[in-house]
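Heads up: the structure comes next, in structure tokens.
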Amino acid sequence: MKHETYQVTGMSCSACSSRVEKAVSKLEGIEKASVNLLTNSMQVDYDETILTSQAIIDAVVKAGYGASLAGGQAGTKGASPQASPANTAEQEVRQMKRRLLWSIVFLIPTVYIAMHHMLASHLGIPVPSAISAVFDGPENAISFAFAQFLLILPIMYLNRKYYINGFSNLLRGAPNMDSLVGMGSMASAAFGAFAIFRMGWGMGHGDWALVQTYSANLYFESAGMIVTLITVGKYLETRAKGKTSAAIEKLMKLAPKEATVLRGGVETVILVEDLAVGDEIVVRPGERIPADGIVSQGTTSIDESAITGESIPVEKQVGDKVTSATINTSGYIHVTAQRVGDDTTISQIIRLVDEASASKAPIAKIADAVAGIFVPAVITLAVAVTALWYFAMGADLEFAFSIGISILVISCPCALGLATPVAIMVGTGKGAENGILIKSGEALERAHAIDTVVMDKTGTITEGKPRVTDVQALTCSETELLALAAGMEQGSEHPLAEAIVACGKERGIAPKAVSDFRAVFGKGVIASADGKTYYAGNAALMAEQGIAIGSYTDRLDALADQGKTPLIFADNSGVIGIIAVADVEKATSAEAISRFAAMGIDVVMLTGDNARTAEAIRKRLGIPKVIAGVLPQDKERHIAELQAQGRTVAMIGDGVNDAPALAKADVGIAIGAGTDVAIESADAVLMRSDLLDAVSAVRLSKAVIKNIKENLFWAFFYNVIAIPLAAGLFYPAYGLKLNPMIGAAAMSLSSVCVVLNALRLRFFKPNHSAGTVSRETSHETPNTPISEQKEGEPAMKTTLHIEGMMCQHCQKHVHDALAAMDGVTDVTVDLEGKTADVTATKDITTDEFAKVITDAGYELVK
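So in the UniProt record's numbering the end of the sequence shown lands on 862, straight run, no missing numbers.
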């Protein structure tokens, strides 16, 4: 299946987008077509062996609209593939503003001529004698009517698209919003022209009563006012919609336009589009990195806040990876480009956010279903009610006619079409601003219903950077054991294996040469050395190989009870040693788990570790349920079992072995620091690799769905109330009747209100605090992890209020000073709130805190 995005032109309401979607969905080979009115885009998945892009474009054109491949091939009817969506939107706003201003210029005298006598009688505004002499009295009725007719012609011409699009779609059997507006305005103008003929006939035959009747019931000002007010609403709506794409625009501005490269030993400035993989890029302090790559020369600090949201710069040296759009804050470095152009991280983020903004949530099907039949039903209703009032109720033609026009202009389904996409665009954009990339509207909707969160352990709950804590050599020396362990594990990509290899390097121990390396999935590795076969792994591997470990059970259990993962090393004669590895929990994992619990969401940890290790982590973090000893291929099965129980499951993971579970879950959430495979399999990506962002993603989903429901409620509620009022249902009993001009104004404002309501999502605040110092990015922080606190050891938690902090350097200074205190295990400093949350294993007096903070140059508020 091929996925493509198209720009669609000519759509004005949800009936249009529904028609385009139906026209394309009928084509053979189409798997899915989703049209977004807000972004004027269409996403299509189709079988390219059956269908072509041109055939899809032709189907859209046949439906009465224009289409072009995004950034590429053009269709017809004015599609402009060269213009970006942002430029097109700006151009549309400028054209609409110009059209609106000139419409108002002609509308003001039209309304004044039509209503000057009312201004005099009701408001006491005097009318110039020249106006009275030309337009007042039955003898001036033709001048009065014809002047208005001439003035509305420019208005109708300026807003001709309502008539052209509206009537062409009506004749095609697919009426839309333009049809309602065009019919209402044109009917008003046509009735006015008819009135001129009737007044002329009355004057010629001396029927002055007829002249008086028609001169008092002209609708020329309504004809001009309707299209002008609709344009006012559209203009305000378009400007407001422009704000919804602010996140994407900000992301696009982050990407540098030029790069300095070394070619032939000479520095050359080129466009980023001309960068090639392998280019050596020179990045000076203050410059943004133009491509993803590896530092090949120099050391520096990188501000990664644009990508991860972390405010503390990250130290980088030769061999470290750097990301496009991040800022080199201090050093002079060379970077070898690995990903350029559309493959860079910032380009992929922009693409994900753009596609998510243009996607459609399942809840939008409600509006689509209504819009598809709404406009034809309204036209039918307008004709039927007009006839009912005139023929059955005995109303005069003018009254019945105004009823029909009111129904047409009050019923435009603009608000219905905007209710869902504006909320999705703002929501996904807000998520992107905070390092939460949600790939589709469908995923955004599903996330609000999550009742169970399943988490991988390594790299998700923990840092994913385990280290060796214990080396217990039994039948050999520690050096020999580490040499063998490093030799066996250097062929494995498992994080525990990497910790052992790293430990060997730190101690200067050369890995032992091994052969016949074989990984046993989820259990360990087997290799040969010096004519012997060696085994390294968990108890399951030892049992599989028939190696007895019973005499070491207590030792293994003791390590596991401390939250360490023991790896057993053995040969055919028995166990030769044990190496324990520990993976530290992330600073925010415990808080994220408690927040999920507070939201009524069950948390389950899946881990391949043994039950004792898993239980130690469960106790420390307060995880309700842990499933230990899970093989990678079984993670998907556990997700399926939870779904079979009627649970809506989110899976959070980071590794290749998590990909099937991520795809199986109702919502897959990948940790941004994880593998490409996991990220591709997921519905959302957490760029900060922080579990608190998973909480924020669920909260954001709930906020977006609530906003969509509010929008849909007001759109439906508005029509439910407005249509009976426009139809004159309350006129016999209460004398209530809707003026067509008021109806046009109300319809326009309803769309603006929907957009403004969606913009409230811009005030959404994520759980992740900008003042939190993460261990992932603050490499210099001497902050002892909470996970190293011994079980049963009392923990003192206190919040300090500190004055004098002005910037992130102050924040870090206070953090380091407090973290260095004896007994302190965790410190979180909030710069904006001017507070510090401190966790310690012993009681620390206020005076002790005050001394440390004062020595650091700040003041403790007691």
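We put the beta carbon where it would ideally sit given N, CA and C, even for glycine.
All figures in this text were calculated on a predicted structure; none of them were measured in a lab.
query	result
Using the C-alpha atoms, what's the distance from E585 back to Q562?	13 Å
Starting from R339 and walking both ways along the beta strand (DSSP E), at which residues does that stretch end?	333-339
Please report how far the alpha carbon of T452 lies from the alpha carbon of A59, in whole angstroms.	43 Å
According to DSSP, Q43 sits in a beta bridge with which residue or residues?	T5, S34
Buried or exposed, going by whether 16 or more other CB atoms sit within 10 Å of the CB of I50?	exposed
For L482, collect the residues of the same chain with a Cβ closer than 7 Å to its Cβ; drop the 5 residues on either side in sequence, then sort them by chain order.	V471, C503, G504, R507, I509
Quick check on the DSSP output: the alpha helix (DSSP H) that includes L712 runs from which residue to which?	691-726
On the three-state DSSP scale, how would you describe N328?	strand
Quick check: what's the CA-CA separation for P566 versus L559?	7 Å
If distances are taken between C-alpha atoms only, which option among T460, L496, T479 comes closest to R467?	L496
So, A193 versus M156, is the Cβ gap smaller than 8 Å?	no
Please go through the same chain and pick out, in chain order, the residues whose beta-carbon is closer than 6 Å to the beta-carbon of S21, but skip the five residues on each side of it.	Position check: residue 21 holds Glu in this sequence, whereas Ser was assumed. Result list for E21: A33, V35, in chain order.
Please report the residue range of the alpha helix (DSSP H) in which D554 lies.	553-561
Skipping 5 residues on each side, what residues in its chain have a beta carbon closer than 8 Å to that of V520?	I526, G537, L541, E544
With 16 other CB atoms within 10 Å as the buried threshold, where does A79 fall?	Caution is warranted here: a pLDDT of 40 is assigned to A79, below 50, making its placement in the model unreliable, and no coordinate value can be reported.
Judging by CA-CA distance, which residue of N328, L171, E859, L700 is the nearest neighbour of I436?	L700
Would you give the residue range spanned by the beta strand (DSSP E) that V649 belongs to?	649-653
Could you say which of V93, A582, I568 lies nearest to I576 if we only look at CA atoms?	I568
Run through DSSP, which three-state label would Y65 get?	coil
Kindly list the residues whose CB is nearer than 8 Å to the CB of I500, restricted to its own chain and excluding five residues on each side of it in sequence; keep chain order.	V468, L482, A485, A486, E489, L567, I579, V581
Is the distance from the Cβ of V754 to the Cβ of A259 below 8 Å?	no
Can you tell me which residues form a DSSP beta bridge with M796?	A840
So, with DSSP's three-state summary, where would you put L606?	strand
Quick check on S103: buried or exposed, where buried means 16 or more other Cβ atoms within 10 Å of its Cβ?	buried
Among P126, S222, G173, which residue has its Cα nearest to the Cα of A145?	S222
Is it true that the CB of R618 sits closer than 8 Å to the CB of V630?	no
Roughly how many whole angstroms lie between the Cα atoms of T9 and D343?	29 Å
Going by the DSSP bridge assignment, what does D830 pair with across the sheet?	T835
Label Q7 either buried or exposed according to how many other C-beta atoms from any shown protein chain fall within 10 Å of its C-beta, with 16 as the threshold for buried.	buried
Buried or exposed for F191, going by 16 or more other Cβ atoms inside 10 Å?	buried
Could you tell me whether the Cβ atoms of M42 and V61 are closer together than 8 Å?	no
Measuring straight from C-alpha to C-alpha, what distance separates E848 and V322?	41 Å
Look up L271 in the DSSP assignment and say whether it is helix, strand or coil.	strand
Using the C-alpha atoms, what's the distance from I601 back to Q338?	40 Å
Pair every Cβ in the region 194-211 with every Cβ in the region 162-177, then say whether three or more of these pairs are closer than 8 Å.	no
So, for V704: in the same chain, excluding its five sequence neighbours on each side, which residues have a beta-carbon less than 7 Å away from its beta-carbon?	A423, I424, G427, L444, L761
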